[in-house]
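Below is one structure; the comments refer to it alone.
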Amino acid sequence: MTRLTRPIYNALVLAALVALSFSLLVYVLYALNLLGFPYDYDQGEGFEVHDTVLFSRLQLPYRDTEVYPFYASNYPPLFHIMAAPFVWLFGPAYWYGRLLGFLASLAAAAAIAGAVYVEGGRRKSIAALSALAFLSSNFVYHIGPLFRQHIMMVAFETLAIVMLSRAFPRRERRGIAIALLLLIGAGYTKQLAAISAVAAIAWMFLRGPLRALRWTIGFALAGGAIFAALNLASDGQWWLQAIIANVNDFDRQQAFGLFILWFKLHGFLLIPACLMLVYETYCDRLSVYSLWFAATALLGGIASGTWGAGDSYFVTSVAALCILSGIFLSRILGGALKLPRRLRFLSSSPLCAASLVLIPLLYLGYARATLKLPTDGRFQGIAELLGVESNVRENFYDSATFLVGGYAQIGYFLTEDDREAGDRIVALIEATEGSVLSEEAGFTMAAGRDVVTNPTQLRNLDLAGRYNGDQLVVMIDGQEFALVILRALFYPPAVLEAIDRAYLHRETIHMNGFDYLILYPRERDES
Amino acid sequence: MSERDEGITKRQLGIGLAVIGALGFLAILSIDLLDVGRQGGIGPAQTMALLLMAALALVGISLIPLGDAPA
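Here it is, written out as structure tokens:
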């Protein structure tokens with residue numbers, strides 16, 4: 045760096061740090077907003093709270109859905125086990141699961157910063173920008189502070205890969221063992237982590253086939269033993285509910301749309317990450333980050349097209365691309381790339397000077413590409429300054445828009461009206477006696493009633509030909525539920541038809557951007 | 363034995379990828395050849411998988427000239 049370029053570089057890096065720190069501020073405020081909201085924000089959160097409650101009672105959520113309360117979970121247990129002690133202290137609630145998710149996203153960001161710092165030649169600014177870039181991703185932003193297990197899986201995966209990258213080449217047995225245990229932890233947080241496990245094993249095989257084989261056998265035995273224990277303890281329901289019911293339809297357009305969106309949002313760092321992958325493939329040794337990035341981008345992206353999946357399936361690849369691009373850009377700055385003779389002109393002085401300007405500009409461009417913020421209240425002036433207007437809600441701007449199928453339509457801040465609407469639904473339940481059939485579990489838990497059914501699980505089992513549903517239909521036809529609360533109509537057709545026969549829609553309550561339909565038992569002469 | 367000695371070389375990786383890509387390509391293509399009762403020819407998912415396997419094979423072939431450099 046010359047005396048002329050250093051101040052320009054420093055000023056641009058500072059600007060990028062400010063821009064991405066603003067994104068972090070929005071993320072923190074969003075997390076705080078969600079922590080105070082006692083009902084479902086993202087569809088299905090309440091069922092994860094219920095899974096946690098079951099684990100806190102030392103019960104498994106992998107159950108027979110043909111008998112009351114017709115409930116089963118399709119998620120592995122680790123995240124809910126981690127949250128279970130909070131149930132003993134605070135009872136069923138959303139805030140601690142959301143807090144765990146938020147902290148997991150920070151842990152993943154810290155691991156990204158550490159990896160870029162160590163592998164990229166100890167450049168603090170690029171390490172910090174890489175971590176902030178991860179947290180700024182629209183995909184990370186909206187799922188981070190939810191009571192959902194996905195971001196915890198990403199944190200386990202990131203920690204595992206970063207640890208393995210260091211431990212395997214140095215033959216640090218303890219480090220390798222911990223990294224593989226973290227990968228098992230990721231897999232028993234969410235099944236999607238299998239992709240990261242494949243990438244890690246493939247990379248170990250490249251670096252040392254015999255050692256990789258030994259470690260993989262141990263890894264498979266440990267993972268398989270947990271699998272068998274869960275299946276045995278649940279009388280086979282683990283296999284049915286968590287594996288069979290997780291095979292869903294594939295929507296090619298959804299996957300394609302999400303791939304395009306992924307590129308639009310992260311392109312500024314995706315291109316350097318891809319260049320690093322090509323560089324390592326042809327000019328250096330392949331790092332675990334390159335294989336991890338390629339596998340999670342490709343396979344995770346394809347998996348994002350399945351029913352019930354979405355943009356969150358790209359989050360692991362976002363972690364990988366933040367690390368890989370950070371290392372690549374750090375090495376350019378440090379002149380540490382080993383280029384073949386015919387490409388050495390790329391290290392000429394004018395091009396190096398240009399890279400000093402270009403690199404912080406990439407992070408600035410990325411900050412703009414991933415911009416999202418409320419457009420009212422305290423943010424109104426900033427939104428006007430940035431020249432953005434609300435585009436997905438009346439008071440929220442999201443550069444991703446809500447146009448692509450599978451992109452979770454959340455991220456906006458909740459208001460007191462949403463809380464009051466939730467309280468109203470709970471009051472309606474409390475005014476009745478007996479069980480209530482609700483598509484979201486938060487209301488019935490708040491009213492102290494049983495959580496009855498998990499609609500998406502019943503739907504998936506039905507599509508897999510593994511659901512009968514006679515007993516539930518008989519109960520609905522017999523009007524044994526005091527109320528029915530619907531939102532997305534995810535129940536299997538036979539259940540929805542029974543609801544239509546026996547219950548009448550009398551009220552709609554708008555909460556959190558969605559309409560909750562309140563149905564009461566029909567009078568016998570009502571049609 | 364040093365770390366470098368025990369690792370896979372670029373040539374070995376290249377051959378491996380080329381073989382996997384070529385076999386994968388043929389296997390995907392053979393879905394249509396073997397399943398004679400199947401309607402509709404090669405679908406979009408199959409096309410995507412064929413392209414992926416072809417790309418894998420090409421990357422593999424391009425790595426073979428890099429010889430004993432560690433992968």
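Protein chains in written order, with the numbering used here: chain A, 45 to 571; chain B, 363 to 433. We put the beta carbon where it would ideally sit given N, CA and C, even for glycine. Given the structure is predicted, the values throughout are model-derived calculations rather than measurements.
Excluding the five sequence neighbours on either side, which residues of its own chain have a C-beta within less than 8 Å of the C-beta of A/A397, listed in chain order?
-> Walking along the first sequence from the start, residue 397 of chain A turns up at place 353. Result list for A/A397: T46, T49, in chain order.
B/P427 versus A/F212 - alpha carbon distance | The residue labelled residue 427 of chain B in the question sits at position 65 within the second sequence. The residue labelled residue 212 of chain A in the question sits at position 168 within the first sequence. Rounded to the nearest whole angstrom, the CA to CA distance from B/P427 to A/F212 is 27 Å.
Determine the extent of the beta strand (DSSP E) in which A/S434 is found, giving its start and end residues.
-> As a first step, residue 434 of chain A must be located in the first sequence, where it is residue number 390. A/S434 -> no beta strand (DSSP E), and no H or E assigned at all.
DSSP three-state assignment for A/V322, whether helix, strand or coil = Reading the first sequence from its first residue, position 278 is the one you call residue 322 of chain A. Of the three classes helix, strand and coil, the one that applies to A/V322 here is helix, per DSSP.
Which one of A/D514, A/L527, A/I562, A/Y451 has the shortest CA to CA distance from A/Q87?
-> Sequence index remark: in the first sequence, residue 87 of chain A carries index 43 (1-based). The option with the nearest alpha carbon to A/Q87 is A/Y451.
Under a CB-based cut-off of 8 Å, is B/E365 close to chain A?
-> As a working note, residue 365 of chain B is residue 3 in the second sequence. Model confidence at B/E365 stands at a pLDDT of 46, short of 50, so the residue's coordinates are unreliable; what they give is reported in the following sentence. It does: the Cβ of B/E365 has a partner Cβ on chain A nearer than 8 Å.
Note the first and the last residue of the continuous alpha helix (DSSP H) segment covering A/F178.
-> Here residue 178 of chain A refers to the residue found at position 134 of the first sequence. Taken as a continuous stretch (DSSP letters only), the alpha helix (DSSP H) holding A/F178 covers 168-180.
Mind listing the chain A neighbours of B/P432? Cutoff is C-beta to C-beta under 8 Å, in chain order.
-> Start at 1 with the first residue of the second sequence, and residue 432 of chain B comes out as number 70. Within chain A, the residues near B/P432 are R329.
Are the stretch 159-176 of chain A and the stretch 114-128 of chain A touching, with three or more C-beta to C-beta distances below 8 Å?
-> no
Check each candidate in A/R388, A/G378, A/S434 and name the one with the smallest Cα separation from A/Y161.
-> Sequence index remark: in the first sequence, residue 161 of chain A carries index 117 (1-based). Closest by alpha carbon: A/G378.
Write down the C-beta distance between A/L236 and A/L61 rounded to the nearest angstrom, noting that I regard them as a contact closer than 8 Å.
-> Sequence index remark: in the first sequence, residue 236 of chain A carries index 192 (1-based). Sequence index remark: in the first sequence, residue 61 of chain A carries index 17 (1-based). 32 Å between Cβ atoms; not a contact.
Beta-carbon gap between A/L553 and A/Y564 smaller than 8 Å = Within the first sequence, residue 553 of chain A is the residue found at index 509, counting from 1. Within the first sequence, residue 564 of chain A is the residue found at index 520, counting from 1. Residue 553 of chain A is actually Ile in this sequence, not Leu. Taking 8 Å as the Cβ cut-off, A/I553 and A/Y564 do not qualify as a contacting pair.
Put A/T476 into one of helix, strand or coil per three-state DSSP.
-> Position 432 of the first sequence, counted from the start, is the residue given in the question as residue 476 of chain A. Reduced to three states, the DSSP call for A/T476 is coil.
Limits of the alpha helix (DSSP H) - the one that B/K372 falls within | The residue you call residue 372 of chain B lines up with position 10 of the second sequence. It spans 372-396 - the alpha helix (DSSP H) in which B/K372 sits, taken as one unbroken run.
Contact list for the stretch 382-415 of chain B against chain A, Cβ threshold 9 Å | P406, A407, M410, L414
Checking contacts by CB at 8 Å: is B/G429 closer than that to chain A?
-> Along the second sequence, one-based indexing puts residue 429 of chain B at 67. Chain A, which has no Cβ nearer than 8 Å to the Cβ of B/G429, makes this no.
Within the same chain, show all residues whose beta-carbon is closer than 6 Å to that of B/G376, passing over the 5 residues directly before and after it, in chain order.
-> The count along the second sequence starts at 1 and reaches residue 376 of chain B at position 14. G422, L425, I426, listed in sequence order.
So who's on the other strand from A/K22, going by DSSP bridges?
-> In the structure displayed, chain A extends from 45 to 571; residue 22 of chain A sits before or after that span and is not available.
Quick one: is A/R251 buried, meaning 16 or more other Cβ sit within 10 Å of its Cβ, or exposed?
-> Here residue 251 of chain A refers to the residue found at position 207 when the first sequence is read from its first residue. Buried, because 16 or more other Cβ atoms sit within 10 Å of the Cβ of A/R251.
Between A/S100 and A/G135, what straight-line distance do the alpha-carbon atoms span, to the nearest angstrom?
-> Taking the first sequence and counting its residues from 1, the one referred to as residue 100 of chain A is at position 56. Taking the first sequence and counting its residues from 1, the one referred to as residue 135 of chain A is at position 91. Spanning the two alpha carbons is a distance of roughly 10 Å.
9 Å Cβ cut-off: residues of chain B touching A/P253 = Counting from 1 along the first sequence, the entry for residue 253 of chain A is found at position 209. The answer, in chain order, is E368, G369, I370.
Cβ atoms of A/R493 and A/I572: under 8 Å apart, would you say?
-> Because chain A here runs from 45 to 571, residue 572 of chain A falls outside it and cannot be looked at.
The beta strand (DSSP E) enclosing A/A547, as first and last residue numbers = Stepping through the first sequence from its first residue, residue 547 of chain A is reached at position 503. One detail in the question is off: residue 547 of chain A reads as Tyr in this sequence, not Ala. Counting along the chain, the beta strand (DSSP E) containing A/Y547 begins and ends at 547-555.
Starting from the beta carbon of A/L319, find every residue of chain D whose beta carbon is closer than 7 Å, and list them in chain order.
-> In summary, chain D is missing from the structure at hand, where the protein chains are A and B.
Amino acids of chain A, ordered along the chain, whose beta-carbon sits closer than 7 Å to that of B/L418 | Start at 1 with the first residue of the second sequence, and residue 418 of chain B comes out as number 56. Against chain A, the beta carbon of B/L418 has no neighbour under 7 Å; the closest one sits roughly 11 Å away.
Would you be able to state if there are at least three C-beta pairs under 8 Å between the stretch 334-346 of chain A and the stretch 355-370 of chain A?
-> yes
Which term fits A/V57, buried or exposed, when burial requires 16 or more other beta carbons within 10 angstroms of its beta carbon?
-> Looking up residue 57 of chain A in the first sequence gives position 13. Classification of A/V57: buried, given that the 10 Å Cβ count is 16 or more.
First and last residue of the beta strand (DSSP E) that includes A/I562?
-> Here the question's residue 562 of chain A lines up with position 518 in the first sequence. It spans 558-565 - the beta strand (DSSP E) in which A/I562 sits, taken as one unbroken run.
Within chain B, partners of A/L250 - CB distance below 8 Å = Here residue 250 of chain A refers to the residue found at position 206 of the first sequence. Within 8 Å Cβ-Cβ: G369, I370, L375, A433.
Residue of A/L540, A/S209, A/D514 minimising C-alpha distance to A/T500 = As a first step, residue 500 of chain A is located in the first sequence; it is residue number 456 there, counting from the start. The shortest C-alpha separation from A/T500 is found at A/L540.
A/A532 vs A/E460 beta-carbon contact at 8 Å = For this step, residue 532 of chain A is matched to residue 488 along the first sequence. For this step, residue 460 of chain A is matched to residue 416 along the first sequence. Not closer than 8 Å, so no.
Measure the alpha-carbon distance for A/Q193 versus A/T419 and round it to whole angstroms.
-> Counting from 1 along the first sequence, the entry for residue 193 of chain A is found at position 149. Counting from 1 along the first sequence, the entry for residue 419 of chain A is found at position 375. One C-alpha to the other measures close to 29 Å.
Is the CB-CB distance between A/P105 and A/Y232 below 8 Å?
-> Sequence index remark: in the first sequence, residue 105 of chain A carries index 61 (1-based). Sequence index remark: in the first sequence, residue 232 of chain A carries index 188 (1-based). No; because the gap between Cβ atoms is not below 8 Å, this pair is not in contact.
Answer yes or no: does any C-beta atom of chain B fall closer than 8 Å to that of A/Y323?
-> Position 279 of the first sequence, counted from the start, is the residue given in the question as residue 323 of chain A. A/Y323 has a beta carbon lying at 8 Å or more from every beta carbon in chain B.
Sequence-distant residues of the same chain with beta carbon closer than 6 Å to A/W139, five excluded per side | Position 95 of the first sequence, counted from the start, is the residue given in the question as residue 139 of chain A. For A/W139, same chain residues with a beta-carbon under 6 Å away, outside a window of 5 residues either side, are L79 in chain order.
Per DSSP, which one or two residues make a beta bridge with A/T49?
-> Here residue 49 of chain A refers to the residue found at position 5 when the first sequence is read from its first residue. Under DSSP, no beta-bridge partner is assigned to A/T49.
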